[in-house]
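Heads up, the thing below is written out as structure tokens.
Residue numbers (the numbering used here): 68 to 313.
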């Protein structure tokens, strides 16, 4: 059963003001529904319509993911983008795989796109199971026309996760660099903790692009920017936020 959203709720989800929604309604860009109760008319938005809008407007989708990962009191996400547990994430990852497989020009690389997305998304569940600070699960959305994928979570973040194994880590920049460059394992001498190193190599080898943030540490990675240069952001994301471009 789909959920109805008020004009105010929809404006918050899309990061616009109610006046913008009214203009979109008039132009047909995003049409509101009307419910009549006696003499009173109430305008609202159907959850499916909001999801369809976000699927086609990548800028709005990324804005929603970042806001959800950033704010202290997050909005309830449209269900299509919130993977509350690993099984839901796996199902939607399979859907991404199917969608990508239909493009002949992606036939050689779509398994790698799925693998990178799966590695980042599964990390959200692997490292936060039973320790979610507030909202559990991962944000997962993509736009096939823009060739971009977004993943985010409100978990403990890279620094806190790695401090269990390397308690000497003191800041988010150092932790993010370690995550992408060092083999880290809580059960030495096993060769574990290689996930983000795998992501890095796939991005560089296949001319993908990756934006990755945890805390106030940001990494932009590509074939042209293969060195791990961590920058400091004014925004602070407690968990993680990632954008994959292919």
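Glycine included, each C-beta is placed from N, C-alpha and C at the ideal position.
Asked	Found
With a 10 Å radius around its C-beta and 16 neighbouring C-beta atoms as the bar for buried, classify residue 194 as buried or exposed.	buried
Using the DSSP secondary-structure output, state which residues sit across from residue 312 in a beta bridge.	215, 276
Could you check how far apart the C-beta atoms of residue 265 and residue 186 are, in whole angstroms? I think they sit under 8 angstroms.	6 angstroms
Where does residue 259 sit, in a helix, a strand or coil, going by DSSP?	With a pLDDT of 40 at residue 259, under the threshold of 50, the predicted position of this residue should be treated as unreliable, and no value is reported.
Would you kindly work out how many angstroms separate the C-alpha atoms of residue 102 and residue 261, rounded to a whole number?	53 angstroms
For residue 258, count neighbouring C-beta atoms within 10 Å of its own C-beta (all shown protein chains included) and say buried if the count is 16 or more, exposed if not.	Note that residue 258 scores a pLDDT of 41, beneath 50, so its modelled location is shaky and nothing firm can be said.
Determine the burial state of residue 69: buried for a count of at least 16 other Cβ atoms within 10 Å of its Cβ, exposed for fewer.	exposed
So, with DSSP's three-state summary, where would you put residue 203?	coil
Assuming residue 137 contacts residue 217 under a Cβ cut-off of 8 angstroms, what Cβ separation, rounded to an integer in Å, is found between them?	At roughly 13 angstroms, the Cβ-Cβ gap does not stay under 8 angstroms, so residue 137 and residue 217 are not in contact.
Would you call the CB atoms of residue 156 and residue 164 closer than 8 angstroms?	no
Taking only three categories from DSSP, how would you classify residue 306?	strand
With a threshold of 7 angstroms on Cβ separation, who are the neighbours of residue 184 within its own chain once the five nearest residues in sequence on each side are excluded?	160, 163, 216, 218, 311
Counting only the same chain and skipping the five closest in sequence on each side, list residues whose C-beta sits under 7 angstroms from that of residue 125.	210, 213, 215
Whole angstroms are fine: how far does the CA of residue 221 sit from the CA of residue 72?	23 angstroms
Short of 7 angstroms in beta carbon distance, which residues of its chain neighbour residue 308, apart from the five on each side in sequence? Order them along the chain.	132, 133, 136, 219, 280
Please state the DSSP three-state secondary structure of residue 286.	strand
How long is the line joining the alpha carbons of residue 255 and residue 80, rounded to whole angstroms?	Note that residue 255 scores a pLDDT of 45, beneath 50, so its modelled location is shaky and nothing firm can be said.
If I measure Cβ to Cβ from residue 150 and keep anything under 8 angstroms in the same chain, skipping five residues before and after, which residues do I get?	156, 159, 188, 204, 205, 206, 207
Mapping the DSSP letters down to three states, classify residue 298 as helix, strand or coil.	strand
Of the residues 285, 284, 290, 148, which one's Cα is nearest the Cα of residue 274?	290
If I'm right that residue 198 touches residue 223 with Cβ under 8 angstroms, what's the distance once you round it to whole angstroms?	6 angstroms
Do you know how far the Cα of residue 196 is from the Cα of residue 130?	26 angstroms
Helix, strand or coil: which one does DSSP assign to residue 170?	coil
With DSSP as the reference, please indicate the residues paired to residue 165 in a beta bridge.	Paired residue(s): none; residue 165 is not in a bridge.
Tell me the DSSP secondary structure of residue 176 in three-state form.	coil
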